[in-house]
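One structure is given here, and the rest of the page talks about it.
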Amino acid sequence: MHSLTLAELQNTLQQYLLHQQNNIDSLTLETAAFTRQQRLAIYYDAYRLRLIDALHNDFPALEMTLGTEDFAQLMAEYIAQHPSQHPSLRWMGGKLPLFLRTHPTGQQQSAIFELAEFEWAQIMSFDAEDSVPATLDDLRLLKNTQWLDLQLEFQPSLQIVSCFSNAPNIWNAAIKDESRIAIETSSEEKTWLIWRSELQVVYRVMNQSETWCLQAFSNHKNFADACEGLCEWFPVDQVPLKAAQYLQQWLQDGLIKSIIAPPIENSH
Amino acid sequence: MSSKTLLQPHLGFGLGLRREHYIDLIDGHPAVDWLEILTENYMVPGGKPLYYLDKIREHYPLVMHGVSLSIGSVDPLNMDYLRELKTLAQRVKPKWISDHLCWTGTQGINLHDLLPLPYTQEALQHLITRVSQVQDFLGQRILLENVSSYLSYQHSTISEWEFMRELATKADCLILLDINNIHVSAHNHNFDPLTYLDAMPAERIQQIHLAGHLNKGDYSIDTHDHEIVDAVWSLYADAIAKFGQISTMIERDDDIPQLDTLLAELQTARNISAQALANNRRLQNHY
């Protein structure tokens, strides 16, 4: 092994740490009390333990639901498929929800990947970019002629997660160190809104019409488009008031970053 | 880069900033001279981490300590990481920026471990170039810390301490000397820790780390979850006696105790440093 270049040496050790590939016993020196195998095993084990610990911190409800051993085994599989490519462990769990969607464990029980999606959304909201929320006063400043074309920009912390299971309740019990809640799955999907109010991550459920309306605005639709879509749930004459109520609620929640209104037309 | 005095002014005795102590630090302003942040924890867009960091920065000088520079990797330098590092530094205005003498992965993978380098001329040349590139990009000298290690390569042609000294001198960077890491590596590789200290260029040691570890009998693991042991305190006294006053901080990353416990441990560091300096003065007066 004396002729290995720095690149070859790093690749050799990395392949060992990732996959226990390569015979690298002769890579390292040893002492009688501390063998080559022991030395390599410290790095091999530490790699997995460190990453599993990061996932344990980010997905407490998933761990509580699966149990510590099954969680560690599943995370080891995940780490093997998705080694970190980011300087920070903060991003280690980013591909976990999708991994669990296609994993037999997640396919047997949708609550498993829904929990991961819900917990990851919490993390994404927790340290999302700061922004000052718009207020009801900003809405009051609008002229009647501006309403139909108004658009919204939401807070960067806004996350939307849909679940058939009671994943949010399981998560809530886990972070409060309450006893484990049994998984329940419904035939009806619920949509959850997650965002940061001041520094705290908060969440609430939305009904179908609010979900549709919020997603429409998220997709750069304007107030007129939103009203048109809401006709599916409400009589036409009630729709503008309903849409305005949603706006008011979102402003009170601190969900809206800015109200984008067209310039006021000059009357002469 | 050149200046008559390589080192930044002495900061005194500090602690690693941990979220468990945010409120105590903001509300109580306890007697800590400075704080070291884990750089990557604050490379986030917003929210609580940066909020508390800004609050704490109002009361304490900060230094930035990273784990993902991967200065020894054969991968190209991660310029996205360096840009984020520079942006954070512009916000934090740290007294200095440090990372580790190690590599953390190759081929785009981050193993999130501080892996030891082979101490060869090839590695030395590689690191001299990379340190210079990083320092040019950041516009300041960086500090590199000696890591704890559990393996040493057959390929190495020089010792770790010779490598560190050569690198610091030729790349014109500074040293973050981790006393606990010297102790742990000395146990694991069977060398005399004083040999390590003897080889260090005093004029480039900007900071000292102290921490606890786990002695497993045949070897030691750098866990940062214990109190500092007597042998590390003793080596610290040797370092201060040899190099003089150096900004010192205690790292605790797991089983994090109440702030008061760490403040008491920091007082021990103050006492040992003062005693070592006083002994030095007595010796100088005697001769």
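So the sequences go chain by chain: A and B.
0 is the number of the first residue of the first sequence in numbering that gives the first Met the number 0; add one for each residue after it.
0 is the number of the first residue of the second sequence in numbering that gives the first Met the number 0; add one for each residue after it.
Just so it is clear, CB atoms sit at the ideal spot from N, CA and C, and this is done for glycine as well.
Under DSSP, F112/A shares a beta bridge with no residue.
Contact between the region 185-204 of chain B and the region 108-127 of chain B is absent: fewer than 3 CB-CB pairs across the two stretches fall below 8 Å.
A Cβ of chain B is located within less than 8 Å of the beta carbon of Y42/A. Spanning the alpha carbons of V43/B and L49/B requires a straight line of approximately 8 Å.
At least one C-beta of chain A is nearer than 8 Å to the C-beta of E121/B. Counting of Cβ neighbours within 10 angstroms places P86/A among the buried residues, the total reaching 16 or more.
For Q36/A, the closest Cβ of chain B is not nearer than 8 Å. Counting C-beta pairs closer than 8 Å gives three or more between the region 153-166 of chain A and the region 177-197 of chain A, which meets the contact rule. Residues of the region 87-98 of chain B with a C-beta atom less than 9 Å from some C-beta of chain A do not occur.
Taking a Cβ-Cβ cut-off of 8 Å, the neighbours of Y46/A in chain B comprise L110, H111 and D112, given in sequence order.
For the region 31-79 of chain A, the full-length alpha helix (DSSP H) segments reaching 4 residues or more read 35-57 and 59-65 along the chain. Taking L12/A as the centre and dropping the five residues before and after it, the same chain places the C-beta of I23 and L26 closer than 7 Å to its C-beta, in chain order.
Interface annotation, H81/A: not in contact with chain B, CB-CB separation never under 8 Å. The criterion of a C-beta distance shorter than 8 Å is not satisfied by I204/B and I157/B. Under the Cβ criterion of 8 Å, S233/B is not counted among the residues facing chain A.
Under the three-state reduction of DSSP output, N189/B falls in the coil class, being neither helix nor strand.
Annotation note: the region 209-240 of chain A contains the following uninterrupted alpha helix (DSSP H) runs of length 4 or greater, listed N- to C-terminal: 222-229. Counting other Cβ atoms within 10 Å of its Cβ, I263/A stays below 16 and is therefore classed as exposed. One thing to note: D177/B has its Cβ no nearer than 8 Å to the Cβ of R140/B.
Fewer than three Cβ pairs drawn from the region 224-240 of chain A and the region 167-184 of chain A lie within less than 8 Å of each other, which leaves the two stretches out of contact.
Residue state for V62/B is assigned as strand, using DSSP reduced to three classes. Counted as a single uninterrupted DSSP element, the beta strand (DSSP E) harbouring I204/B occupies residues I204 to L209. Those residues of the region 22-55 of chain B placed with their C-beta closer than 7 Å to a C-beta in chain A are E39, M42, V43, P44, G45, G46, K47, P48 and Y50, ordered along the chain.
Following the DSSP letters along the chain, one finds H99/B inside the beta strand (DSSP E) bounded by residues I96 to H99. Pairing D23/B with Q266/B, the inter-Cα distance amounts to about 18 Å. Close CB contacts of Y46/A within its chain, under the 7 Å cut and outside five residues either way in sequence, are with L16 (chain order). DSSP, reduced to helix, strand and coil, places G105/A within a helical segment of the structure shown. Comparing alpha carbon positions, the residue from I255/B, S131/B and D26/B closest to A210/B is I255/B.
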